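Notes follow once the structure below has been shown.
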Amino acid sequence: MKTLKPGDRGKEVLDVQSRLRALGFDVGTDGVDGLFGEDTRTAVELYQQQNGLLADGIVGENTWCELVESKYETGERLLYLRIPPFRGADVVKLQRSLNCLGFNAGPEDGIFGPITERAVLDFQKNSGLIMDGMVDDSVLRVVEKVTKDGEPHVDETKIPDRDGGYLGGRDLAELTFAIDAGHGGDDTGAVNSEGIAEKDVNLRVARGLTRLLEASGSQVVNTRDGDQDVPLYERPAAANLAGADVCVSIHHNSNPSGRAQGAAAYYFCRQGYYSERGRKLAEHIVARLAASLKITALPVLGRNYAVLRETEMATVMVEPLFITADDVVGRLIDDELTDRVAEAIFEGLREYFAS
Ligand SMILES: [Zn+2]
């Protein structure tokens, strides 16, 4: 799939514009004209903001998938467990309704997986319906009746996942970690004034963290172990396949100003639903990074990035440093700083599991 950006024209742009308009976004006076102009860029940014995506006004893989899945309305198709799973706004709404009614449908990730099916079966049992796991009119009618107007809660209310914030005093040696070094290959990420690329810093931190976790007896799977380009959706798929307990995706920040500094982390959040485990994990890691590197702890933020949404375990995306910060730029040539970053993330993980 091709990335669409301002200045592009053609059938794909037309497709994006009509999808945005169908979702109620203003694509400007010229409307659906196949030209990615200023109005389209504004509409894309607005859509991205409302959906927790990186608001860059560019239609990349994550935005494109979300846009396609946004169009599904409740009742327009039969939902059930299948491979590949049904995905979309109708699934989000179903999960939200079931969670709100006390049936654990799992993360509100818009993916109809086994946990959602189990919640549907429970719901059918409780409602005296045939327990077949099929979300048909009979199920939707009952859901509609017991949730006011089918809208279980307003988007402004943040609803944490139902598993609670902690995995509960588990030893690192019992756990499997998925470590995802962001970017790789042709996708370099940001490059600082010393010519050091984010992809390489990410990989060094990932390797350091892997060593520390393995030394503690943890199992570790890496989404890449060299300088290769790994497609965006293959990263969470690898973490899921490994049955990891926690996934840590490592990126680094950059800014035109050398004064921008601080440690940041993100957890899954979309339209009010968020991962409480992810949030707590993010807070532990950022606090440890800030203390150990003597930098600012930036507020942890909920985001709908692919790696956060598609993973079945508690996932955090960490940006330990700005590789462009004045006092960092010259210190990324050897492993001293990246090893300290890895240690701080490791300590943050350890503290989270000890709490
Ligand atoms: Zn990055």
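Numbering-wise, the sequence shown is residues 4 to 358 according to my numbering.
Just so you know, even glycine gets a beta-carbon here, dropped at the ideal spot from N, CA and C.
Bear in mind that the values here come from a model prediction, so they are computed numbers and not experimental data.
Exposure of residue i, with buried meaning 16 or more beta-carbon neighbours within 10 Å
i: S358; result: exposed
i: S252; result: buried
i: E159; result: Low confidence applies here, because E159 scores a pLDDT of 39, under 50, leaving its location unreliable; read the following figure in that light. Its Cβ having fewer than 16 others within 10 Å, E159 is exposed.
i: S196; result: exposed
i: Q52; result: exposed
i: L7; result: buried
i: G34; result: exposed
i: P110; result: buried
i: R22; result: buried
i: L81; result: exposed
i: Q231; result: exposed
i: R291; result: buried
i: N129; result: exposed
Residue i - containing beta strand (DSSP E), residue span
i: Q222; result: Q222 to N225
i: A317; result: A317 to E322
i: I114; result: Premise fails: I114 is in no beta strand (DSSP E) and is neither H nor E.
i: F180; result: T179 to A184
i: G305; result: L304 to R306
i: V95; result: Counting along the chain, V95 falls outside any beta strand (DSSP E), though it belongs to the alpha helix (DSSP H) covering A92 to C103.
Candidates the options, of which the one nearest residue i by Cα
i: A345; options: V62, P110, R306 and I288; result: I288
i: Y308; options: G27, W67, V19 and A294; result: W67
i: G78; options: D342, V142 and G105; result: V142
i: G136; options: D11, T119, R12 and V146; result: T119
i: G246; options: V123, T318, V204 and D29; result: T318
i: T45; options: P9, A176, L352 and A184; result: P9
i: R87; options: A241, F115, I61 and H254; result: Here residue 87 turns out to be Pro, not Arg, going by the sequence shown. It is F115.
i: L70; options: N54, D59 and E147; result: N54
i: R273; options: S73, E147, R353 and L206; result: S73
i: R282; options: A267, V303 and A193; result: V303
i: L38; options: Y269, S260, E15 and E64; result: E15
i: F126; options: E322, Y355, S257 and N102; result: N102
i: G265; options: I298, S257 and D29; result: I298
i: H254; options: E237, R207, G229 and K96; result: R207
i: T179; options: G40, L216 and L124; result: L216
i: L84; options: V47, A293 and L124; result: L124
Where the alpha helix (DSSP H) containing residue i begins and where it ends
i: V289; result: E279 to L296
i: F271; result: Segment A267 to R273 is the beta strand (DSSP E) holding F271; no alpha helix (DSSP H) there.
i: V146; result: D140 to V149
i: I348; result: D338 to A357
i: V331; result: D329 to V332
i: V251; result: No alpha helix (DSSP H) contains V251, which is instead part of the beta strand (DSSP E) from V249 to I253.
i: T77; result: Per DSSP, T77 belongs to no alpha helix (DSSP H) and is neither H nor E.
When you get a sec, list the residues whose CB is within less than 5 angstroms of any heavy atom of ligand 1, chain order please. Having a Cβ closer than 5 angstroms to some heavy atom of ligand 1 are G185, G192 and H254.
What ranges does the alpha helix (DSSP H) occupy inside the region 17-53, keeping only unbroken runs of at least 4 residues that lie completely in it? If we require 4 residues or more, the alpha helix (DSSP H) runs fully inside the region 17-53 come out as 41-53.
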